[in-house]
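A.B. asks: Protein chains in written order, with our numbering: chain A, 1 to 342; chain B, 343 to 684.
Input: one structure, supplied below.
Protein chains: 2
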Amino acid sequence: MRRVDLVLTGLGNVGRAFARLAEEKRSLCRDRYGIDLRLKAALNSKGGFLTGRATDGDGLGDLAIAVSAPMEHPAWHPGLRLGEALGGGEPGVLVECTPTDIRTGEPGRAFMTEALSKGWHVAAASKGALVLDFPALSALARSSGVRLKYSGATAAALPTLDVGQVSLAAASVSRIEGILTGVTNHILTRMEDGIPFAAALKEAQDLGIAEPDPSLDIDGWDTACKILLISNAVAGTGFQLADVRREGIRNVTPEMLKQARAEGKAVKLLGRFVQDEGERWIEVGVSSLDRAHPLHGVSGTNKAISYFTDTMGTITVAGGKSDPRGTAAALLKDIVNIYRGI
Amino acid sequence: MRRVDLVLTGLGNVGRAFARLAEEKRSLCRDRYGIDLRLKAALNSKGGFLTGRATDGDGLGDLAIAVSAPMEHPAWHPGLRLGEALGGGEPGVLVECTPTDIRTGEPGRAFMTEALSKGWHVAAASKGALVLDFPALSALARSSGVRLKYSGATAAALPTLDVGQVSLAAASVSRIEGILTGVTNHILTRMEDGIPFAAALKEAQDLGIAEPDPSLDIDGWDTACKILLISNAVAGTGFQLADVRREGIRNVTPEMLKQARAEGKAVKLLGRFVQDEGERWIEVGVSSLDRAHPLHGVSGTNKAISYFTDTMGTITVAGGKSDPRGTAAALLKDIVNIYRGI
Numbered sequence: 001m002r003r004v005d006l007v008l009t010g011l012g013n014v015g016r017a018f019a020r021l022a023e024e025k026r027s028l029c030r031d032r033y034g035i036d037l038r039l040k041a042a043l044n045s046k047g048g049f050l051t052g053r054a055t056d057g058d059g060l061g062d063l064a065i066a067v068s069a070p071m072e073h074p075a076w077h078p079g080l081r082l083g084e085a086l087g088g089g090e091p092g093v094l095v096e097c098t099p100t101d102i103r104t105g106e107p108g109r110a111f112m113t114e115a116l117s118k119g120w121h122v123a124a125a126s127k128g129a130l131v132l133d134f135p136a137l138s139a140l141a142r143s144s145g146v147r148l149k150y151s152g153a154t155a156a157a158l159p160t161l162d163v164g165q166v167s168l169a170a171a172s173v174s175r176i177e178g179i180l181t182g183v184t185n186h187i188l189t190r191m192e193d194g195i196p197f198a199a200a201l202k203e204a205q206d207l208g209i210a211e212p213d214p215s216l217d218i219d220g221w222d223t224a225c226k227i228l229l230i231s232n233a234v235a236g237t238g239f240q241l242a243d244v245r246r247e248g249i250r251n252v253t254p255e256m257l258k259q260a261r262a263e264g265k266a267v268k269l270l271g272r273f274v275q276d277e278g279e280r281w282i283e284v285g286v287s288s289l290d291r292a293h294p295l296h297g298v299s300g301t302n303k304a305i306s307y308f309t310d311t312m313g314t315i316t317v318a319g320g321k322s323d324p325r326g327t328a329a330a331l332l333k334d335i336v337n338i339y340r341g342i
Numbered sequence: 343m344r345r346v347d348l349v350l351t352g353l354g355n356v357g358r359a360f361a362r363l364a365e366e367k368r369s370l371c372r373d374r375y376g377i378d379l380r381l382k383a384a385l386n387s388k389g390g391f392l393t394g395r396a397t398d399g400d401g402l403g404d405l406a407i408a409v410s411a412p413m414e415h416p417a418w419h420p421g422l423r424l425g426e427a428l429g430g431g432e433p434g435v436l437v438e439c440t441p442t443d444i445r446t447g448e449p450g451r452a453f454m455t456e457a458l459s460k461g462w463h464v465a466a467a468s469k470g471a472l473v474l475d476f477p478a479l480s481a482l483a484r485s486s487g488v489r490l491k492y493s494g495a496t497a498a499a500l501p502t503l504d505v506g507q508v509s510l511a512a513a514s515v516s517r518i519e520g521i522l523t524g525v526t527n528h529i530l531t532r533m534e535d536g537i538p539f540a541a542a543l544k545e546a547q548d549l550g551i552a553e554p555d556p557s558l559d560i561d562g563w564d565t566a567c568k569i570l571l572i573s574n575a576v577a578g579t580g581f582q583l584a585d586v587r588r589e590g591i592r593n594v595t596p597e598m599l600k601q602a603r604a605e606g607k608a609v610k611l612l613g614r615f616v617q618d619e620g621e622r623w624i625e626v627g628v629s630s631l632d633r634a635h636p637l638h639g640v641s642g643t644n645k646a647i648s649y650f651t652d653t654m655g656t657i658t659v660a661g662g663k664s665d666p667r668g669t670a671a672a673l674l675k676d677i678v679n680i681y682r683g684i
């Protein structure tokens with residue numbers, strides 16, 4: 001049995017879901033993979049918990065409960081720094097769940113940089129630092145001999161990277177197309193029922209699917225970040241966020257959707273990597289897909305990605321929960337696979 | 343650069359496609375993965391070629407050409423045995439492409455057993471030995487410290503095992519449903535157009551999609567083998583072929599398909615792993631899927647598999663070439679991933 005210490009950064013919906021899931025799956029991970037997960041600390045930029053201070057024992061359970069209402073908990077430790085949380089013992093995995101900031105990459109970048117340089121593996125759900133600074137983070141992981149995994153940042157439970165990196169080994173990918181943001185796909189699906197954009201957005205916000213500031217999703221930034229990370233990882237491109245030709249869904253009208261439906265088509269916001277006549281680019285935009293397209297039937301909050309290859313035909317993977325529990329499951333998968341050598 | 347010797351058993355459509363593909367992808371495998379593939383020998387139960395006898399140089403190319411019409415080639419070596427082909431050097435990978443025999447498992451079982459016991463990894467496309475004797479082969483691989491991979495036997499370029507084993511790490515799978523045989527799905531799709539079973543089968547045979555003896559596909563054996571291997575690998579079941587509740591597509595009529603279509607449904611031959619109230623079983627049978635089912639739209643020779651999980655929702659992967667080149671690509675993927683430690 002191998003003991004694996006985890007330090008969690010970010011105590012929002014995803015971080016909390018991860019703390020609960022790690023507790024729920026602790027015995028399965030012991031039995032199936034021979035790894036004994038321990039949540040050593042959990043923190044955000046204001047403070048955090050250390051195991052033994054938040055709890056009487058060393059279980060994940062009590063810490064998971066503490067994390068659910070952190071600042072009110074008697075063991076909350078204001079100003080706890082990551083260095084103290086990582087401690088001096090055997091390094092484990094930093095589970096990075098802070099909010100995505102695509103302008104600065106912080107606080108994720110600072111957390112990941114410190115952890116990697118101290119020999120900790122990283123499993124990340126936040127996208128900012130990865131999008132802005134992947135080459136540096138990746139080089140740091142390599143020089144420290146540790147892994148940097150980010151399934152949680154690339155459509156969460158939908159295994160975009162696994163399929164692209166493991167299943168397409170030795171194939172050449174000429175094109176990638178993905179419906180990568182659940183919120184925008186949900187809004188487009190509702191608009192197909194005749195609801196105008198603003199009302200569909202309001203509805204998604206009321207349901208808790210869309211953020212109060214929906215720009216990251218609606219204007220295509222979330223899809224842009226994901227197709228950028230996926231394309232760079234799978235097709236070996238070196239794109240930056242400024243390279244993405246980007247269009248969101250604000251200008252889509254119910255009439256456009258009605259027209260498309262009458263022609264047997266479906267309107268989707270796609271992230272795309274395209275290779276054509278020696279040129280390669282990535283783009284985010286609204287497309288009208290005919291029935292034969294593998295992403296035509298992907299509706300509601302569902303996501304999917306298609307890889308177009310030279311030897312394996314087109315491989316599409318669809319589904320995967322879009323909620324915090326699904327993202328937590330993707331983080332846990334990455335952690336397990338680090339210790340399986342995958 | 344790591345040199346990787348390959349020995350190919352089976353010189354039918356898949357074996358020939360593999361020899362061509364290994365040649366085509368040789369420089370990509372060098373550049374991308376640092377492995378230098380060499381086809382050391384290729385044989386079937388009647389004889390074979392050794393590199394240096396089939397060719398002047400050591401390239402894959404000449405051997406690939408020789409393999410395309412083996413017995414007429416001047417370098418054909420009647421009675422060549424696997425032991426001689428493996429030779430005494432550094433072990434590599436046996437690429438097992440002999441025809442599937444689900445009664446005896448031969449000749450694949452003998453080839454794989456010899457190779458594994460001599461410290462060779464195995465990448466297999468033939469199903470017979472895996473279905474009949476997986477525990478013994480797997481134990482032999484473990485005790486020899488080598489890998490036994492079989493993407494090529496579990497729906498080829500459709501990454502059923504990768505998704506089930508890598509992407510669902512730490513998830514629990516309560517149900518698996520797959521359209522796993524391209525031929526039967528093609529026939530059912532044609533029957534939707536009103537063509538009776540016998541005519542649709544004849545058409546598939548004329549197109550080279552169905553075998554002259556179509557029983558393995560039509561009676562559900564092929565699907566049974568695949569769901570058995572997938573369920574045992576992903577859900578940790580220990581099923582044998584006799585455990586499969588099996589029904590083929592011989593009794594499907596165009597009227598049934600017409601009726602289903604009128605109700606918005608689609609008739610599919612599914613392989614299923616089901617877990618319900620403490621019972622677990624696998625079955626192959628004809629099902630009428632409504633529009634919301636993730637496999638509803640999978641038509642023609644396409645294949646797909648859905649995993650129903652506790653933490654990640656439902657994950658469906660679809661597509662993947664069904665021809666010999668697609669199977670060859672799955673074999674090559676397994677070989678590359680063995681040396682990447684995946």
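Cβ coordinates follow ideal geometry from the N, Cα and C atoms, glycine included.
(1) Measuring CA to CA, which of A:Val95, A:Arg272 and A:Ser288 is closest to Leu43 of chain A?
(2) To the nearest angstrom, how far is it from the Cα of Ile179 of chain A to the Cα of Lys321 of chain A?
(3) Cβ atoms of Leu257 of chain A and Glu192 of chain A: under 7 Å apart, would you say?
(4) Looking at chain B, is there any beta carbon in it that lies within less than 7 Å of the beta carbon of Ala170 of chain A?
(5) Please report the distance separating the alpha-carbon of Arg246 of chain A from that of Thr100 of chain A.
(6) I want to see whether chain B comes within less than 7 Å of Ile315 of chain A, judged by CB atoms only; does it?
(7) With a cut-off of 7 Å, does the C-beta of Met312 of chain A fall near any C-beta of chain B?
(8) In the DSSP assignment, find the unbroken alpha helix (DSSP H) run with Ala660 of chain B in it and report its ends.
(9) Are the CB atoms of Thr440 of chain B and Gly352 of chain B nearer to each other than 7 Å?
(10) Taking the alpha carbon of Leu216 of chain A as the point to measure from, which residue in A:Val93, A:Arg103 and A:Ala124 has its own alpha carbon closest?
(11) Taking Trp167 of chain A as the query, report the chain B residues whose CB atoms sit under 7 Å from its CB, ordered along the chain.
(12) Is there a C-beta anywhere in chain A that falls below 7 Å from the one on Leu377 of chain B?
(13) In terms of DSSP beta bridges, what is Pro596 of chain B paired with?
(14) Can you say whether Ser167 of chain A is buried or exposed, counting buried as having 16 or more other CB atoms within 10 angstroms of its CB?
(15) Looking at the C-beta of Val336 of chain A, does it have a partner C-beta in chain B at a distance below 7 Å?
(16) Return the CA-CA distance between Ala329 of chain A and Leu571 of chain B, expressed in angstroms with no decimal places.
(17) Go ahead and pull the three-state DSSP assignment for Arg532 of chain B.
(18) Between the Cα of Ala465 of chain B and the Cα atoms of B:Arg489, B:Ala481, B:Glu448 and B:Val594, which residue gives the shortest distance?
(19) Does any residue of chain B have a CB that is nearer than 7 Å to the CB of Ala153 of chain A?
(20) Does the Cβ-Cβ distance between Arg325 of chain A and Ala17 of chain A come in under 7 Å?
(21) So what does DSSP say about Phe49 of chain A, is it helix, strand or coil?
(22) Taking the straight line between their C-alpha atoms, what separation do you get for Arg349 of chain A and Gly297 of chain A?
(23) Does the CB of Ile647 of chain B have a neighbour CB from chain A at under 7 Å?
(24) List, in order along the chain, the chain B residues whose C-beta lies closer than 9 Å to that of Gly326 of chain A?
(25) For Leu289 of chain A, report the span of its beta strand (DSSP E) as first-last.
(26) Using only the alpha-carbon positions, how far apart do Ala575 of chain B and Asp213 of chain A sit?
(27) Please check the pair Val284 of chain A and Val244 of chain A, which I expect to be a contact at CB under 8 Å, by giving their CB distance rounded to whole angstroms.
(28) Do you know offhand how far Ala427 of chain B's Cα is from Leu500 of chain B's?
(29) Whose Cβ in chain B lies nearer than 7 Å to the Cβ of Ile342 of chain A?
C.D. replies: Taking the geometry as given:
(1) A:Val95
(2) Roughly 14 Å between the two C-alpha positions.
(3) Yes, they are a contact pair.
(4) yes
(5) Computed Cα separation, rounded: 18 Å.
(6) yes
(7) Yes, Met312 of chain A counts as interfacial toward chain B.
(8) Taken as a continuous stretch (DSSP letters only), Ala660 of chain B belongs to no alpha helix (DSSP H), being part of the beta strand (DSSP E) at Thr656 to Gly661.
(9) yes
(10) A:Arg103
(11) Residue 167 of chain A is actually Ser in this sequence, not Trp. Ordered by position in chain B, the residues that pass the 7 Å Cβ test against Ser167 of chain A are Pro501, Asp504 and Lys675.
(12) The sequence shown places Ile at residue 377 of chain B, rather than the Leu named in the question. It does not; no Cβ of chain A falls within 7 Å.
(13) For Pro596 of chain B, which the question treats as bridged, DSSP gives no partner whatsoever.
(14) It is buried - the Cβ of Ser167 of chain A has at least 16 other Cβ atoms within 10 Å.
(15) yes
(16) 25 Å
(17) helix
(18) By alpha-carbon distance to Ala465 of chain B, the top candidate from B:Arg489, B:Ala481, B:Glu448 and B:Val594 is B:Arg489.
(19) no
(20) yes
(21) strand
(22) Given that chain A is displayed from residue 1 to residue 342, the structure contains no residue 349 of chain A and the question cannot be resolved.
(23) no
(24) Thr653, Met654 and Gly655
(25) Glu279 to Leu289
(26) 44 Å
(27) 6 Å
(28) 31 Å
(29) Val508 and Ile684
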